[in-house]
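819 is the number that the working numbering gives to position 394 of the sequence shown; each next residue is one higher, with no gaps. Every residue gets a Cβ at the ideal spot worked out from N, C-alpha and C, and that includes glycine. Just so we're clear, the structure is a prediction, and the values are computed from it rather than from any experiment. Step one of this worksheet: look at the structure below.
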Amino acid sequence: MNMLIAMLVRRLRPRIGWGQFVLALGATLCCALAAADGKPALPAAGFVWAGLGGLMIGLRLGRPGRADARPRLPTPARYAWWAGRAALTLAALLALGTLLVIAAADTLPPAALALQDLAALAGWVAAAWRRTAGWADLPAMRSWSFLAATLPRFWAELQAAPNAGPRGARLIVLAGGIAGTWASALVLGWALARERSVFSWALPTLATIGFTAIIGNGAGIELIFGLVLLLLLALAVGARRRAHGWEQSSTDYSDEITVDTLAWGAAVIMLVMVLALLIPTSLSNPIASLLWRDVELPSGIAALDRNLQRSQRQPVPVNIGISQLPALQLGQSLEGSPPTAVILRVRVGAPLPPGPWPRYWRARVFNFYMGTNWTTNANIGQFPASAIDAGGLPGAIVQEIDDLRSDRTILAALPDVLAIDLAAQGERLPDGALAALTAPGTATHYRVLSRPQELAAPPRFDGPPPDLSSYLVLPAGYPQRVADLAVAVAGSRTTPYQRALALEAYLRGLNYTYTVQPIPIGGDAVEQFLFTMRAGYCTYYASAMAVMARSLGIPARLAIGYATGEYDQASGAYLVRESDAHAWPELYIDGRWLPFEPTPIRVLPARTSGASAATPTPAPAPAEQPGTQGLLIWAVVLAIVAGLAALGLWWGRWQRPRPLVLDVQARLERDGGRAGVPWPAGATLHEYSALLAPRIGAAASELTLVVELVEQARYSGQPLPADQEGRLRRAAARVLEHLRAAQR
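Below, the structure written as structure tokens:
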């Protein structure tokens, strides 16, 4: 394993060396530290990718091209070719920088939406290849619809940022910081690859750190760390440039000079950093009294905000009632342990009839989404006991329930509950809907009469409409990109039912997981689920569909309870286990509350059967082909990887290899070290060849020729003629062959 790691380190070693690369990377990452330290904190990941990507691309662009790979064109055409290539490179760099900015500003579509669009497009291409689909069947790219909404809004917000208060100041620091990090890292990488002086080429990096730290209202210590790293980098680059100059002029020097220079220079720089940190802490230091007597330190966003007009945003007035039951906190699983334990035994006489909507044993309903939890404004009243009789009531279902739970306070039954044979308390929402039924925890057996809304008589619209305002409320400061995603997913669909099916199908394309990330302070659980985690519990899926439906103007609420469980033919009862604990959304469509199932691990009912004539007819869901979609996604991913590999090979054609003389000398040192003869410090090529002679046997004459030709090229300062280069290659190949044989 150690040998493998050492080999990987050697293979991945940057041309400028690990020391310079680490110092340069550390300096660029100080921008990310300044972003994370600001108030409010900025997304440091965007700064990290901008710094790392810019540095790597800058190092690549800084490598000189191969002279023999240049196009053999007349001079004017050659200039036009290079100008075109430079213009394309600049355009690509600007496009990448812009992409980093808009990605950090949360304007890109979620990866799940893009992958689903690619899978749909790949399926259409396959169908068109078989001539079973035409241009009229081309699927709509919902990612473009999302970008069509987010990009213009981002541009408008950026233009209005100087007059938008703290939010605008944050956007200015975010866009300017990431753009500056990207550009400064490109410049720094290019300068390092070209072995230019770092003092001038590192100024953009230092300016970007200062901009992000000061305007972002950070502590500013990142500016000191960045300055120290850039000074150390300048010291290392300067030492390397001097060593190369001495080698080219054939000046004999000791390697200890470089080591001493780096050691003493680093010590001085660290001393300066310590003084920079300690002097401001002294209350009576004369430097501060002399230089900062009449200067007020900048206060970042607070100072910028004094010249900006604050936007006063009034919260949405909401009449929050008092519920006797706790709120539903997102980020927690509903399942108890052990998951296989039977907690409900529900006898219904016969299996529930199939229908177009899923069936659940509902326990609670929530109507207020607070960003991290759900709650209600239900009014509490008595729900008296009554006799259970389904006679004469179309669609009514009688349930005989054995409650085996340890906490039996909240009763569970099919919605909508019409009667129960024990005295209970009911929590009702403003529109009269039953939010929960509670009873003393001693009740272990009860009978319930319910009637699902899809089995009830068609709704009548001759009376006043119900109060649905609480089912449309969204939190103040609700993330706009969640609403943009809902609009993009709904597409051109016009009816609420079709839009609901589109939301359900999109969410079922996400992954289900039992491990989730904690909700950040001040964050929104639905936004985190849709754009960051893209996987979660059933409460996340149900919350996302309810919130997205509300943003489309469809009244929605969240319900929790249990899936129907397993039907036992012998006892005529449904066995409900802890693992059946579930959450789902209910949407108000055409006068009825309809349940939907966005959680992918739950089975969807047949959408085209069991609906009454007055019920809106569901549109048939597109047939899914298990395995095909995954293969198409992998095909698209492999095509992208192949395209990037081809681009890398094409770009590599323009890179100039190491000069032959330096390459031969480096190979001698490498293979000689592997053969057990390392190059001693301060030894010349003649002295090292004498140490190698016993290892190469019959190739001693070739080694002598190699030494003569290498020294001839180095001391003359002129490249070898073509015939002598051929002799050098042949002689070096024979010497290296003997050295490799000596390794065995």
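So, for residue i: in the same chain, excluding its five sequence neighbours on each side, which residues have a beta-carbon less than 6 Å away from its beta-carbon?
{"i": "glutamine 942", "result": "Met958"}
{"i": "alanine 860", "result": "Val790, Thr801, Ala803, Glu852 and Leu854"}
{"i": "serine 976", "result": "Ala908 and Ala911"}
{"i": "alanine 1157", "result": "Val1089 and Val1131"}
{"i": "aspartate 856", "result": "Pro891 and Asp892"}
{"i": "arginine 1159", "result": "Ala1124 and Glu1127"}
{"i": "alanine 475", "result": "Leu525, Ile603, Thr606 and Trp607"}
Please identify the residue among the options whose C-alpha is closest to the C-alpha of residue i.
{"i": "leucine 1087", "options": "Pro1105, Val1131 and Ala1125", "result": "Val1131"}
{"i": "leucine 1128", "options": "Leu1145, Val1089 and Ala1108", "result": "Val1089"}
{"i": "proline 751", "options": "Thr834, Ile640 and Arg1155", "result": "Thr834"}
{"i": "glycine 774", "options": "Phe446, Val914, Tyr794 and Asp993", "result": "Asp993"}
{"i": "arginine 665", "options": "Ala610, Gly635 and Leu617", "result": "Leu617"}
{"i": "alanine 1100", "options": "Leu1117, Gly1107 and Ser894", "result": "Leu1117"}
{"i": "serine 625", "options": "Ala638, Leu658 and Gly602", "result": "Leu658"}
{"i": "threonine 606", "options": "Gly559, Ile482, Ala545 and Met566", "result": "Ile482"}
{"i": "threonine 938", "options": "Val623, Gly796, Ile822 and Tyr966", "result": "Tyr966"}
{"i": "glutamate 1162", "options": "Leu847, Gly1122 and Arg772", "result": "Gly1122"}
{"i": "arginine 772", "options": "Gly476, Glu991 and Gly444", "result": "Glu991"}
{"i": "threonine 532", "options": "Leu759, Tyr962, Arg488 and Phe956", "result": "Phe956"}
{"i": "asparagine 798", "options": "Gly947, Pro809, Gly663 and Gly820", "result": "Gly947"}
{"i": "proline 776", "options": "Ala810, Ala627, Val823 and Ala457", "result": "Val823"}
{"i": "arginine 830", "options": "Thr869, Ala511 and Tyr794", "result": "Thr869"}
{"i": "alanine 419", "options": "Ala529, Val1028 and Thr1109", "result": "The first residue shown for the chain is 426 and the last is 1169, placing residue 419 beyond what the model contains."}
{"i": "glycine 961", "options": "Ala974, Gly670 and Ile944", "result": "Ile944"}
{"i": "isoleucine 768", "options": "Gly1142, Thr989, Pro1105 and Gln1137", "result": "Thr989"}
{"i": "valine 1001", "options": "Arg770, Leu847, Arg592 and Ala969", "result": "Arg770"}
{"i": "glutamate 1011", "options": "Gly986, Ala971, Ile1026 and Gly997", "result": "Ala971"}
{"i": "phenylalanine 793", "options": "Glu825, Tyr999 and Ser895", "result": "Ser895"}
I'd like the list of long-range same chain contacts for residue i, defined as Cβ closer than 7 Å, with 5 residues on each side in sequence excluded.
{"i": "leucine 631", "result": "Gly651, Leu652 and Leu655"}
{"i": "arginine 1165", "result": "Asp1096"}
{"i": "glutamate 406", "result": "The structure shown does not extend to residue 406, since the chain is modelled only from 426 through 1169, so no value can be given for it."}
Indicate the three-state DSSP secondary structure (helix, strand or coil) for residue i in the structure shown.
{"i": "leucine 935", "result": "coil"}
{"i": "isoleucine 979", "result": "coil"}
{"i": "proline 1025", "result": "coil"}
{"i": "threonine 957", "result": "helix"}
{"i": "threonine 869", "result": "coil"}
{"i": "valine 842", "result": "strand"}
{"i": "threonine 863", "result": "strand"}
{"i": "valine 1131", "result": "helix"}
{"i": "tryptophan 1104", "result": "coil"}
{"i": "threonine 800", "result": "strand"}
{"i": "aspartate 531", "result": "coil"}
{"i": "leucine 769", "result": "strand"}
{"i": "valine 1160", "result": "helix"}
{"i": "serine 570", "result": "helix"}
{"i": "arginine 440", "result": "coil"}
{"i": "leucine 722", "result": "Low per-residue confidence applies at leucine 722: pLDDT is 45, beneath 50, and the placement is therefore not dependable enough to give any value."}
{"i": "glutamine 754", "result": "strand"}
{"i": "leucine 450", "result": "helix"}
Run through the DSSP bridge pairs and tell me what residue i is partnered with.
{"i": "tryptophan 786", "result": "Tyr987"}
{"i": "tryptophan 1018", "result": "Tyr1013"}
{"i": "leucine 1085", "result": "None; leucine 1085 has no bridge partner."}
{"i": "phenylalanine 793", "result": "Thr800"}
{"i": "phenylalanine 624", "result": "The partner list for phenylalanine 624 (beta bridge, DSSP) is empty, contrary to what the question assumes."}
{"i": "histidine 1007", "result": "Gly986"}
{"i": "alanine 508", "result": "Its beta-bridge partners do not exist; DSSP assigns none."}
{"i": "leucine 1000", "result": "Arg770 and Glu991"}
{"i": "aspartate 828", "result": "Leu769"}
{"i": "glycine 851", "result": "Gly806 and Leu862"}
{"i": "serine 875", "result": "Ile822 and Val842"}
If we cut at 9 Å on Cβ distances, does residue i have a partner in chain B?
{"i": "glycine 780", "result": "As a matter of chain content, chain B is missing from the structure shown, which is built from one protein chain."}
In chain order, what residues of the same chain lie with their CB nearer than 8 Å to the CB of residue i, ignoring the 5 residues before and after it?
{"i": "leucine 1153", "result": "Leu1085, Val1086, Val1089, Leu1130, Val1131, Leu1134, Val1135 and Leu1145"}
Item to check | Inter-stretch contact (C-beta, 8 Å, three-pair minimum) for the region 941 to 960 and the region 867 to 877 | outcome: Below 8 Å, too few C-beta pairs join the region 941 to 960 and the region 867 to 877 to call them touching: fewer than three.
Checklist entry - Does the count of Cβ pairs from the region 547 to 560 and the region 572 to 579 closer than 8 Å reach three? => result No, the region 547 to 560 does not touch the region 572 to 579.
Next on the checklist: Could you check whether the region 557 to 572 touches the region 592 to 600, counting it as contact only if at least three pairs of C-beta atoms, one from each stretch, sit closer than 8 Å?
Outcome noted: No contact exists between the region 557 to 572 and the region 592 to 600.
Item to check | the region 760 to 768 contacting the region 993 to 1013, beta-carbon criterion three pairs below 8 Å | outcome: With a cut-off of 8 Å, the region 993 to 1013 and the region 760 to 768 count as touching, because enough Cβ pairs lie within range.
Checklist entry - Between the region 913 to 930 and the region 513 to 529, do at least 3 Cβ pairs fall closer than 8 Å? => result No, the region 913 to 930 does not touch the region 513 to 529.
Next on the checklist: Measuring CB atoms only, is the region 638 to 647 touching the region 456 to 464, in the sense that at least three cross pairs come out at less than 8 Å?
Outcome noted: Contact annotation: the region 638 to 647 touches the region 456 to 464, with at least three C-beta pairs closer than 8 Å.
Checklist entry - Do the region 448 to 459 and the region 576 to 592 meet, that is, are 3 or more Cβ pairs less than 8 Å apart? => result Contact between the region 448 to 459 and the region 576 to 592 is absent, because fewer than three Cβ pairs lie under 8 Å.
Checklist entry - At a cut of 8 Å, does the region 754 to 761 reach the region 835 to 847 through at least three beta carbon pairs? => result Counting Cβ pairs under 8 Å, fewer than three are found: no touch.
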